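If you're matching them up, the sequences are chains A and B in order. Numbering-wise (our numbering), the first sequence opens with residue 1 and increments by one. Numbering-wise (our numbering), the second sequence opens with residue 1 and increments by one. The C-beta atom is built at its ideal place from N, Cα and C for all residues, glycine as well. No experiment lies behind these values; they were computed from the predicted model shown. Taking it in order: structure first as structure tokens, then the write-up.
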Amino acid sequence: GIDCSGDSQMCCRQEFFVDFKEIGWEDWIIQPEGYHMNYCAGLCPLHMAGIPGLAASFHTAVANLIKANNADAAVDSCCVPTQRRPLSLLYYDRDSNIVKTDIPDMIVDACGCT
Amino acid sequence: APEGVWCPACGLAALTPTTQRDVLIALAKQSILSKLRLPDRPNITQPTSKGVLLTALRRMHARRVDTAFSPGMPRGGSDPHLRLGLGLQEYEILSFAESGSSTSRSARLHFHFAQELAGSTEILHATLYLFWAVPGPGTHPVTVRLLQSDLTGLNMTMASETQMEVQRAGWATLDVSRAVQSLFVRGSQRLTVELEVAEDWGSPLLAGHSDSHWPFVAAQARARTPHRVQRR
């Protein structure tokens with residue numbers, strides 16, 4: 001996947017860190033200190049469909065499908081997460097119990113075009 | 001946004017950086033709270049001291065190691081803490097005791113479990129950890145009763161009674177899975193542990209909530225599988 005930098009217009013991963021201390025949540029969330037709420041942004045023009053796919057062949061297959069179906073009127077595709085991982089939290093619940101849990105698919109590691 | 005600056009992906013006017021940051025932070029808060037099934041961020045009235053928390057985590061870890069490698073134990077041990085999840089979100093809950101009423105022969109401890117967790121998870125395993133302070137040589141019998149209050153919190157029913165023999169000071173554990181499971185199923189939120197000793201012994205526990213050997217319940221829970229509606 002590609003990380004957004006400067007004013008790149010193409011599909012990329014935008015890093016965004018939420019510091020729990022900054023938002024006043026550090027008293028009830030013991031660990032970690034923040035949340036990497038990265039997100040996907042940017043354009044997916046026709047020739048980028050399926051990039052970076054799960055495998056290079058995926059992109060080729062998509063490009064061939066577009067040619068075969070003469071889909072030159074096709075709309076752009078979408079910039080979406082292609083790899084995600086859980087957010088592990090250690091926090092106090094409303095009874096001051098301490099709870100540890102892994103929330104699945106909360107952190108975006110890579111983006112790509114559908 | 002400055003005139004003519006557009007959002008590259010959707011063609012709408014881009015947000016100013018400050019507005020965008022506020023929107024993203026609000027989204028992050030909403031996303032975390034909804035995934036934890038919390039209506040709002042909890043207000044912590046009595047945070048656990050670091051000493052108590054570290055002692056409890058060390059004690060739990062020591063027990064996992066004992067369980068995992070005791071002879072004849074299948075790989076991964078019987079301790080569900082080592083069991084692999086089925087892909088459903090899992091929780092480990094540490095509930096520290098709140099002191100209840102006590103007499104010269106008995107002491108009560110209360111353990112509270114939040115409604116959000118009780119309503120949306122199933123308990124896989126729960127262990128009560130007690131640290132005995134022994135007055136002197138010999139064996140001291142202690143009766144441990146698990147009591148559950150009904151939804152009004154007024155009537156108590158006994159879930160189980162166990163006789164424990166205490167020979168020396170130190171940690172002791174008791175499996176309370178069944179009692180905590182039935183607590184969650186009934187939607188009740190409080191488990192009471194009553195310890196009763198012979199007349200001349202006094203309190204079987206180390207005194208003082210601040211002491212790092214304070215009793216606690218360690219539970220492992222798993223999100224309930226989504227309810228499948230069969231259409232006929």
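Segment limits, beta strand (DSSP E) that includes residue i
i              : result
F131 (chain B) : T121 to W132
Q89 (chain B)  : Here Q89 (chain B) belongs to no beta strand (DSSP E), and DSSP marks it neither H nor E.
I44 (chain B)  : From DSSP, I44 (chain B) is part of no beta strand (DSSP E); its letter is neither H nor E.
A221 (chain B) : F216 to A223
G100 (chain B) : E98 to S102
Strand pairing of residue i, partner residues [DSSP]
i              : result
V197 (chain B) : B:V142
H36 (chain A)  : A:F17
K100 (chain A) : A:L90 and B:E92
L174 (chain B) : B:L128
S160 (chain B) : B:L146
Q31 (chain A)  : A:L90
P81 (chain A)  : A:C111
R190 (chain B) : B:H112
L205 (chain B) : B:W132
D3 (chain A)   : A:R13
L43 (chain A)  : A:M10
E165 (chain B) : B:P141
Residue i - containing alpha helix (DSSP H), residue span
i              : result
I32 (chain B)  : P17 to K35
R13 (chain A)  : R13 (chain A) -> not in any alpha helix (DSSP H); beta strand (DSSP E) instead, spanning C12 to Q14.
F111 (chain B) : Segment S106 to H112 is the beta strand (DSSP E) holding F111 (chain B); no alpha helix (DSSP H) there.
Residue i: CB within 8 Å of a non-hydrogen atom of the ligand COA
i             : result
N97 (chain A) : Ligands are entirely absent from the displayed structure, and the ligand COA is therefore not among its contents.
Scan the region 104-126 of chain B for residues whose Cβ lies nearer than 9 Å to a Cβ of chain A and list them as they occur along the chain. F111, H112, F113, A114, Q115, E116 and L117
Does the contact criterion of 3 or more C-beta pairs under 8 Å hold for the region 144-155 of chain B versus the region 188-198 of chain B? yes
Quick one, which residues of the region 61-95 of chain A are near chain B if we go by CB-CB under 8 Å, in chain order? Those residues of the region 61-95 of chain A placed with their C-beta closer than 8 Å to a C-beta in chain B are C79, L87, L89, Y91, Y92, D93, R94 and D95, ordered along the chain.
Counting pairs of beta carbons, one from the region 168-186 of chain B and one from the region 109-125 of chain B, are three or more of them closer than 8 Å? Judged by Cβ distances under 8 Å, the region 168-186 of chain B makes contact with the region 109-125 of chain B, as three or more pairs qualify.
Contact between the region 16-28 of chain A and the region 40-49 of chain A: three or more CB pairs below 8 Å? no
Which of the residues in the region 51-62 of chain B, read from start to end, lie with their CB under 7 Å from any CB of chain A? L53
Chain B contacts from the region 102-114 of chain A (Cβ-Cβ distance under 9 Å): Cβ proximity to chain B below 9 Å picks out D102, I103, P104 and M106 from the region 102-114 of chain A.
Using a beta-carbon distance cut-off of less than 9 Å, what residues from the region 13-29 of chain A approach chain B? F16, V18, E22, I23, G24, W25, D27, W28 and I29
For the 8 Å Cβ check, are there 3 or more pairs between the region 98-108 of chain B and the region 154-162 of chain B? no
Does the region 159-176 of chain B come into contact with the region 92-99 of chain B, if we say contact requires no fewer than three beta-carbon pairs (one atom in each stretch) closer than 8 Å? Not touching, per the Cβ criterion.
For the region 132-143 of chain B, which residues have a beta carbon sitting closer than 7 Å to at least one beta carbon of chain A? none
Below 8 Å, can you find three or more Cβ-Cβ pairs linking the region 31-38 of chain A to the region 104-111 of chain A? yes
Selection of the region 29-48 of chain A by Cβ proximity to chain B, strictly under 7 Å: Along the region 29-48 of chain A, the positions whose C-beta sits under 7 Å from a C-beta of chain B are Y35, M37, A41, G42 and L43, read in chain order.
Identify each residue in the region 173-193 of chain B for which the Cβ-Cβ distance to at least one residue of chain A is less than 8 Å, and report them in chain order. Q189
Indicate whether the contact test is met: 3 or more Cβ pairs, each with one atom in the region 91-100 of chain A and one in the region 1-8 of chain A, closer than 8 Å. no
Can you pull out the residues from the region 86-98 of chain B whose beta carbon lies closer than 7 Å to at least one beta carbon of chain A? Q89, E90, Y91, E92, I93, L94 and S95
Members of the region 212-227 of chain B that neighbour chain A once the beta carbon cut-off is set at 7 Å: none
Of the residues that make up the region 21-35 of chain B, which ones have a beta carbon closer than 9 Å to any beta carbon in chain A? R21, L24, I25, L27, A28, K29, S31, I32 and K35
Given 8 Å, three or more beta-carbon pairs between the region 19-33 of chain B and the region 169-181 of chain B: no
Evaluate contact between the region 15-24 of chain A and the region 23-38 of chain B, counting only Cβ atoms and requiring at least three cross-stretch pairs below 8 Å. yes
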